[in-house]
Ligand code: SF4
Ligand code: SF4
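Residue numbers (the working numbering): 3 to 341.
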């Protein structure tokens with residue numbers, strides 16, 4: 003896989019993980035010699051920055067994902083233990099308590115809410131749904147987990163089983179377009195279904211906002227390569243008179259916020275070092291379009307807002323309890339509306 007590597011170390015320059023161990027070709031050699039365990043791959047955020055800068059087009063990210071898959075096959079116990087709390091979040095999110103689908107007969111589009119967004123106040127989520135409906139007409143709604151956590155931890159069987167269940171639902175309802183909020187759902191659904199998947203920003207180009215601060219825009223690493231969404235988000239902010247400060251880490255060169263690949267459950271220090279890197283340039287308010295990045299980058303010095311919060315004017319503070327309570331209330335509200 004690394005026969006084309008020219009050891010230019012471009013991939014290493016901005017990666018906190020590779021800086022620690024060396025370029026991927028060297029890591030591969032050390033692992034092959036038995037001097038480093040494959041489980042080191044759980045320190046890689048799977049953010050894909052290396053792929054974006056490698057002049058030889060080497061798919062470094064997939065190398066580390068495949069290592070994770072190997073480790074899961076041989077030592078799933080270690081992975082399940084290390085990432086227990088992250089997996090418990092996924093389990094709850096995909097459980098019957100929180101999961102919900104309502105697809106009217108005349109709808110062939112589906113608003114796939116994912117997990118994090120459903121922890122917002124139900125009134126706000128319903129506002130977004132109604133707005134979307136006003137733009138696209140009849141549309142179903144789904145609260146479900148995309149199981150990217152299992153995917154990234156290397157648990158192929160579980161991920162495929164859950165994806166297969168979803169694909170069946172989409173097929174049975176003749177869904178032709180899925181509209182997403184969450185970058186992870188977007189990536190997973192694009193990679194594993196044949197259905198057209200668009201981020202919600204496609205339908206928010208004329209949404210107005212009274213927000214009046216300038217922002218440093220953080221592009222989520224999961225949507226690296228999605229120039230359509232990157233442009234849409236910039237257009238929406240600009241149309242609202244919001245000044246965007248650019249840093250060198252933007253669009254396809256964006257950095258991981260520190261949450262990627264669940265690294266913080268394996269090596270907290272490494273995960274924090276990504277976050278620290280962001281704080282070096284973030285000198286005003288950060289705007290992003292991933293709720294994971296939003297909660298991860300939040301700190302005492304810098305405000306972090308999600309684009310949807312800016313557009314739908316909801317800056318309510320969410321803690322662990324309100325998050326799960328909101329999710330439960332949202333499902334109850336949607337069930338009521340579906341009757
Ligand atoms: S995917 Fe991200 S964290 Fe992993 S090696 Fe590449 S740049 Fe580093
Ligand atoms: S950027 Fe590509 S060619 Fe350069 S060291 Fe990294 S893997 Fe090798």
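C-beta atoms are modelled at their ideal positions from N, C-alpha and C, and glycine is treated no differently. Because the structure is a prediction, the values reported are computed rather than measured.
Taking 9 Å as the cut-off, the beta carbon of residue 61 is found closer than this to the beta carbon of residue 3. Residue pairing by DSSP places residue 200 opposite 181 in a beta bridge. Remark: the C-beta of residue 11 is in contact range of ligand 2, defined as less than 8 Å to any heavy atom.
With contacts defined by Cβ atoms closer than 9 Å, residue 51 and residue 258 form a contacting pair. Spanning the alpha carbons of residue 266 and residue 21 requires a straight line of approximately 17 Å. Judged by the Cβ position, residue 58 qualifies as a neighbour of ligand 2 at the 8 Å threshold, a heavy atom of the ligand being closer than this. In the three-state reduction of the DSSP assignment, residue 142 falls in the strand class. Residue 336 and residue 34 have their C-alpha atoms spaced approximately 53 Å apart. In the DSSP assignment, residue 83 falls within the unbroken alpha helix (DSSP H) covering 62 to 84.
Shown here, residue 103 sits in a strand according to DSSP, grouped into three states. Rounded to whole angstroms, the gap between the alpha carbons of residue 181 and residue 338 is 22 Å.
Following the DSSP letters along the chain, one finds residue 114 inside the beta strand (DSSP E) bounded by residues 111 to 114. One Cα belongs to residue 71, the other to residue 93, and the distance between them is close to 20 Å.
Excluding sequence positions up to five before and after residue 318, its CB lies within less than 7 Å of the CB of 123, all in the same chain and listed in chain order.
Per DSSP, the unbroken beta strand (DSSP E) holding residue 308 starts and ends at 306 to 308.
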